[in-house]
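Below is one structure, written out as structure tokens; comments come after it.
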Amino acid sequence: MNFKKIFIILLLFNLSCANSFSIEPDVFVQSTVNRASAVLSKNLSKTQKINELKIIAEETVDIEGIGFYTIGNYRKDMSENELSKYAELFEQYFLKSFSSRLAEYTNPEISVNSKEVLSENYTIVNSVLKGTSDRPEIKIDWRIYTKNPDSPLIRDLIIEGLSLARTQKEEFASIINSNDGDFKVLFKTLIDFTKN
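Each residue of the sequence shown is one higher than the one before, starting from 1300 at the first, in the numbering used here.
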């Protein structure tokens, strides 16, 4: 299974307009499906779709939180300026990575089934990506950050038990570890990705 592609399909459901009222996490997830699907079904160029999807992601995904999680303990070794630079690079990487791939899809169907409140700050929303002739049905769990109930945010997607945030963290750690702990090599990797 190509988890990066699935990640893109799934991130489209991270997308929802900012909320001015308290919204239940399962309703939030379902609404993201509807909004993203509307963008993908429009008669727009790929570039136009990418731009719309980026805007939605900036509004609803906790990109900074995901970025700091994926850098792991290396965060302790960074100066304030380096952390700021990393956050900027990760956001650019994240937005390009998901939006450019997501724009290739049209109308994936996700059904929200249930939710599990883990704490005041986190709720897991359970859903299923409906199968097609090209792919099987896929179980997707959404980790929703609910500290501010007026503005829930996506912190992670768990696909068939695999955490995408954790997978990204392991990938970044591999890059840094293979370069003697030099996290600046990761910076260059992120820059190269966004420029290509």
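Beta carbons: idealized from backbone N, C-alpha and C, even for Gly.
- Rounded to the nearest angstrom, the Cβ distance from V1424 to K1414 is 5 Å, consistent with a contact under 8 Å.
- Taking the CA atoms as reference points, F1327 sits about 11 Å from T1445.
- By a beta-carbon distance limit of 8 Å, S1398 does not contact A1337. Their separation comes to about 15 Å.
- Counting along the chain, I1355 sits inside the alpha helix (DSSP H) bounded by residues 1345-1359.
- By the neighbour-count definition (other C-beta atoms within 10 Å, threshold 16), V1416 is an exposed residue.
- When the Cα atoms are used, S1473 and N1420 turn out to be separated by approximately 30 Å.
- DSSP places R1454 in the uninterrupted beta strand (DSSP E) bounded by 1452-1458.
- Note on F1482: 16 or more other CB atoms within 10 angstroms of its CB, so buried under the neighbour-count rule.
- Among the bridge pairs identified by DSSP, S1462 is matched with I1457.
- Straight across, the Cα-Cα distance linking E1358 with Q1347 is about 17 Å.
- Distance from the CA of Q1329 to the CA of R1454, rounded to the nearest whole angstrom, comes to 16 Å.
- As for any beta strand (DSSP E) of minimum length 3 sitting wholly inside the region 1402-1452, the runs are 1409-1416, 1421-1428, 1437-1444, ordered along the chain.
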